[in-house]
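In the UniProt record's numbering, the protein residues as written are 1 to 82. Even glycine gets a Cβ: it sits at the ideal position worked out from N, Cα and C. Report on the structure given below.
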């Protein structure tokens with residue numbers, strides 16, 4: 001994925017967009033405020049989150065405590081290879 005940096009943080013995923021991604025993410029989250037957004041990686045639903053407001057800072061995160069270290073290693077490998 002271009003214009004995207006992802007970091008594992010306490011069994012969660014932090015996503016940092018670059019300029020083009022910041023603008024697209026702001027538009028998407030503005031449109032989806034009050035609705036849910038689904039994070040999918042390699043045809044697998046990682047999480048479904050409620051969008052509370054427009055996100056304009058280019059960063060988002062979600063927590064997934066039910067995954068173990070092996071799951072996170074697999075997810076990070078998929079992200080790096082996408």
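Cutting at 8 Å between CB atoms, please list the residues of its own chain near residue i, excluding the five before and the five after it.
i: residue 57; result: 22
i: residue 51; result: 29, 32, 33, 34, 35, 36 and 37
i: residue 25; result: 17, 55, 58 and 60
Cβ of residue i within 8 Å of Cβ of residue j?
i: residue 78; j: residue 42; result: yes
Assign residue i to buried or exposed, taking buried as 16 or more other Cβ atoms, counted over all protein chains shown, within 10 Å of its Cβ.
i: residue 45; result: exposed
i: residue 55; result: buried
By Cβ distance below 7 Å, which residues in the same chain neighbour residue i in space, the five residues on each side in sequence not counted?
i: residue 12; result: 61, 62, 63 and 64
i: residue 69; result: none
Residues in the same chain with beta-carbon distance under 6 Å from residue i, minus the five sequence neighbours each way, listed in chain order, please.
i: residue 39; result: 46 and 47
i: residue 49; result: 37 and 62
Per the DSSP calculation, residue i is bridged to which residue(s)?
i: residue 50; result: 36
i: residue 12; result: 63
i: residue 22; result: DSSP lists no partner for residue 22.
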